[in-house]
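These notes concern the structure reproduced below.
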Amino acid sequence: MSSTDRIERELVINAPVARVWAAITEPDQIMKWLGDFAEIDLRPGGRMVFGWSAHGRFNAVIDEVEPTSRLVYRWSSEDGAEVTDGNSTRVEYSLAAEGAGTRLRLVETGFDALAYEPEVRAAKHADNVGGWRAELGELKEYVEA
């Protein structure tokens, strides 16, 4: 994997695992830290939609759910597009108790497989690097409040 195929972020959130899990899986909570629109059918094969007024709405399909510990989905990199092999990346959240808090690990992969020119793939990767940095900071702030 190239350095532009993968994004990894890890942080400790001063809140119990159940609270962090709710914040990443319940639409009303997702909208408090990740965009301004969310729909989620929390089951393998279930559909998700994430929306930002400035960026559009992005469809996703859930691959795996292990309540309170793991959520994996593929999401489209194109506003309004259905999820396909050529337009989606894979996002994995892993949660584990750490003392009274939660260690959250996020890994997003698949940028190299996007069906775009290399510079477009690199730009999408760079956008998501910055996006996750900001959004996970907002998640931490929201959950700890």
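Numbering (the working numbering), first residue to last: 64 to 208.
Quick reminder that beta carbons are idealized off the backbone N, C-alpha and C, glycines included.
Relative to the alpha-carbon of residue i, which residue among the options has its alpha-carbon at the smallest distance?
i    : options                : result
E204 : W96, R69, I70          : W96
W138 : K187, S132, A86        : K187
A160 : I103, W84, D142        : W84
S157 : P107, R168, A144, R110 : R168
A197 : R72, G143, S66, D68    : R72
R184 : F121, V124, S151       : S151
G200 : P181, I70, V75         : V75
V192 : A208, E127, T172, I87  : T172
I'd like to confirm the pairing. Which residues does DSSP put opposite residue i in its beta bridges?
i    : result
F121 : F113
L158 : L167
W138 : A123, T152
Assign residue i to one of three DSSP states: helix, strand, or coil.
i    : result
V75  : strand
T131 : coil
G67  : First, the amino acid is wrong: residue 67 is Thr here, not Gly. It is coil, neither helix nor strand.
E89  : coil
E180 : coil
Practice task
Count the CB pairs spanning the segment 79-92 and the segment 174-181 that are closer than 8 Å, and state whether there are at least three.
Solution key: Verdict: no, contact absent.
Exercise for the section: Would you check if there are 3 or more beta carbon pairs closer than 8 Å linking the segment 107-124 to the segment 78-88? Expected result: The way I'd put it, the segment 107-124 doesn't touch the segment 78-88; fewer than three beta-carbon pairs between them come closer than 8 Å.
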